[in-house]
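Residue numbers (the numbering used here), protein chains in the order written: chain A, 26 to 352; chain B, 26 to 352.
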């Protein structure tokens, strides 16, 4: 039986994330990069931690973002969207010097993606401790960490403080490892990752990230290793192959994928995670939470833009009723 | 009679500019800013000094750009375009840390423009002295300066060295004051401007910039003041009211505007300047140069994108034949 006390209840305080807030601009046509003028669409609010929080709020969880945007329309777009969707934006700093971070993305015909980024020299990584950040952390009931945060010094500095504080007040922690195979993981990041795993209640890897997170070959060996390190539940996101929940007590629940026509996969994993954490914290049982999470991820890929398809509980109920599943 | 030796001849070496290289991304629809996702088009190669040089090269002048781009598709787009159009790109530095500068622009219904910039924290302002820059300056015959360069420390540092060197070898200097009324001009910029005016052969102001450049009220008083300070010729760009040339010897030539349907005014003044300087340096007389310049500016506004309408000599000849003028 899945552990119903896995995550701290909604009543303890908001689910928060700490990390990059961006706009995304997408090429309309497929092809190689941005070497000629072309049709684009955007700016879309983006940044994995922000997508997570937006979906969390849309489905009815209390949620807040710690981040930084520029004093420009791209920043206002992001803050406005999160606010409209019910998220707490009090701890989003407006940087008056650096612009809001941005990412241009174009899909190639083989589904690979080309990017042009402006993140490192943008407001996105200029996250700092403010009274508002301290206040949000002091009333948070759950912290969700994106693995990418481990290689952003300003983000890690806050997570290092926030994680033990939130745990000390009875809060819980989830981690999306984001250990994509194209990323090289240096020793420092690995050490941070291991430090965080010890505090993680819920791990949300995609595909082969499970084995990379455990540093062990073999799916079940990886699960054993993670459970030994203190993780209480692993929810494995497998895209069109559906999702699987593994509990430390041996529980296993399988959720078949929804069949959708994919328009834009960006943000699917973050919507999945945001919906799952919100549902569990709202007291919805693990199997139903997994269905909502799968629906949130699937619905989001039918919309162009990283968080355009984040659904409310009602929209996800409709989606679940209307969308065929693998079995 | 206009002074046929106003600018150094083509044979002395290339016309060069020093300054920002950017991409521009335009909103397709009119409206206020970038507060929601929308249709965009871009990236277009841009940056006033780059537009000037591109038009200069396209019309057949030898021309080169000193600037800096990021190691990304936006940088490659800019360098590729300038190279394709015949400009010397040897002194464009590729910055491996900062991204290529970018500007998002949207027209409001009243023709005012909203921008989101990423220039100050981009490669665009990270221009530095390199051997390639030194070599290009050493073989340059003319320097064109954008007034905006005066408030960019890294750009001004190079101009301060380049201007006297180019003059010392018999080269000439043109200046587009860019003293838009919305810009506040601090004392340091004013001092730089006055220093540069003493070396300027050709001044290319738009509308009310003439009086602002001279710090004097009244068009003719402004001209007198500028001529006293060493300027030899002033070409006043008046958009749909045509252009006027004033020589220090009292010459006045008027060039009526071409009647075009304006699609995107960005870059018109830079194309005007690039064509004018190239023509004069190629030995084309002042009146005909003024016609080419007016045609280059007018043709460019019929294209979307800041330098998409920069025309070759043949294209401009066709444009001149086919386009009605004010009288």
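Cβ atoms here follow ideal geometry from the backbone N, Cα and C, with glycine treated the same way.
By the three-class DSSP mapping on this structure, what secondary structure does residue 191 of chain A have? In this structure, DSSP gives residue 191 of chain A a helical state, which the three-state scheme calls helix.
Looking at the structure shown, is residue 162 of chain A part of a helix, part of a strand, or coil, going by DSSP? Helix.
Please state the DSSP three-state secondary structure of residue 169 of chain B. DSSP places residue 169 of chain B in strand when its eight states are reduced to three.
Go through its chain and collect everything with a Cβ distance to residue 320 of chain A's Cβ below 8 Å, but skip five positions before and after it. Excluding residues within five positions, the ones whose Cβ falls inside 8 Å are 283, 300, 336, 341, 344, 345 and 348.
Residue range of the alpha helix (DSSP H) that includes residue 77 of chain A: Its alpha helix (DSSP H) spans residues 73-83.
Starting from the Cα of residue 118 of chain B, find the closest Cα among B:147, B:128, B:109 and B:54 and give me that residue. That would be B:147, whose Cα lies nearest to the Cα of residue 118 of chain B.
Considering only the alpha carbon of each residue, which of B:129, B:26 and B:47 lies closest to residue 48 of chain A? By alpha-carbon distance to residue 48 of chain A, the top candidate from B:129, B:26 and B:47 is B:129.
Would you please verify whether the beta carbon of residue 59 of chain B is less than 7 Å from any beta carbon of chain A? For residue 59 of chain B, the answer is yes, since a Cβ of chain A falls inside 7 Å of its Cβ.
Taking the alpha carbon of residue 316 of chain B as the reference point, which residue from B:36, B:84, B:256 and B:225 has its own alpha carbon closest? When each option's Cα is compared against that of residue 316 of chain B, the closest is B:84.
Could you tell me which chain B residues have their CB closer than 8 Å to the CB of residue 64 of chain A, listed as they occur along the chain? Using a Cβ-Cβ cut-off of 8 Å, residue 64 of chain A is close to 64, 65 and 66 of chain B, given in chain order.
Quick one, which residues of the segment 311-331 of chain B are near chain A if we go by CB-CB under 7 Å, in chain order? Cβ contacts with chain A come from 330.
Spatial neighbours of residue 252 of chain A in its chain, beta-carbon cut-off 6 Å, leaving aside the 5 residues before and after: Closer than 6 Å at the Cβ level, and outside the excluded window around residue 252 of chain A, lie 273.
Among all the DSSP beta bridges, which residues are the ones paired with residue 49 of chain A? DSSP lists A:69 and A:128 as partners of residue 49 of chain A.
Applying a beta-carbon distance threshold of less than 8 Å, which residues of chain B neighbour residue 105 of chain A? Those within 8 Å of residue 105 of chain A in chain B are 60.
Thinking C-beta only, is residue 162 of chain B closer than 7 Å to residue 193 of chain B? Result no, Cβ atoms of residue 193 of chain B and residue 162 of chain B do not sit closer than 7 Å.
Does the distance between the C-beta of residue 119 of chain B and the nearest non-hydrogen atom of the ligand GDP fall short of 6 Å? Ligands displayed in this structure: none; no statement on the ligand GDP is therefore possible.
Straight-line CA distance for residue 159 of chain A to residue 70 of chain A? Per the coordinates, the alpha-carbon of residue 159 of chain A lies some 25 Å from the alpha-carbon of residue 70 of chain A.
Closer than 7 Å, CB to CB, is residue 141 of chain B near chain A or not? Look at residue 141 of chain B: its C-beta is under 7 Å from a C-beta on chain A.
Helix or strand or just coil, what does DSSP make of residue 296 of chain A? Residue state, collapsed to three classes: helix.
What does the Cβ neighbour count give for residue 294 of chain A, buried or exposed, with the cut at 16 atoms within 10 Å? Residue burial annotation: residue 294 of chain A is buried, with at least 16 other C-beta atoms found within 10 angstroms of its C-beta.
Decide if the segment 168-182 of chain A is in contact with the segment 38-55 of chain A; the criterion is three or more beta carbon pairs, one per stretch, under 8 Å apart. Yes, since at least three Cβ pairs between the segment 168-182 of chain A and the segment 38-55 of chain A fall closer than 8 Å, the two stretches touch.
Identify every run of the alpha helix (DSSP H) within the segment 217-245 of chain A, keeping only runs that are complete inside it and at least 4 residues long; order them along the chain. With a minimum length of 4 residues, the unbroken runs of alpha helix (DSSP H) contained wholly in the segment 217-245 of chain A fall at 234-239.
Less than 7 Å between CB atoms is the rule here; does residue 124 of chain B satisfy it with respect to chain A? Yes, contact with chain A.
Residue-level contact to chain A via CB, residue 102 of chain B, 7 Å cutoff: Yes, contact with chain A.
Spatial neighbours of residue 296 of chain B within its chain, please: C-beta separation below 6 Å, excluding the five flanking residues on both sides. Taken in chain order, the residues that qualify are 80, 321, 322, 325 and 335.
What is the DSSP secondary structure of residue 143 of chain B, counted as helix, strand or coil? In this structure, residue 143 of chain B counts as strand in the three-state DSSP scheme.
Based on Cα-Cα distance, which residue from B:53, B:98, B:195 and B:39 lies nearest to residue 138 of chain B? With distances taken between Cα atoms, residue 138 of chain B lies closest to B:53.
Looking at residue 175 of chain A and residue 217 of chain A, is the spacing between their C-beta atoms short of 7 Å? Their beta carbons are under 7 Å apart, which means residue 217 of chain A touches residue 175 of chain A by this criterion.
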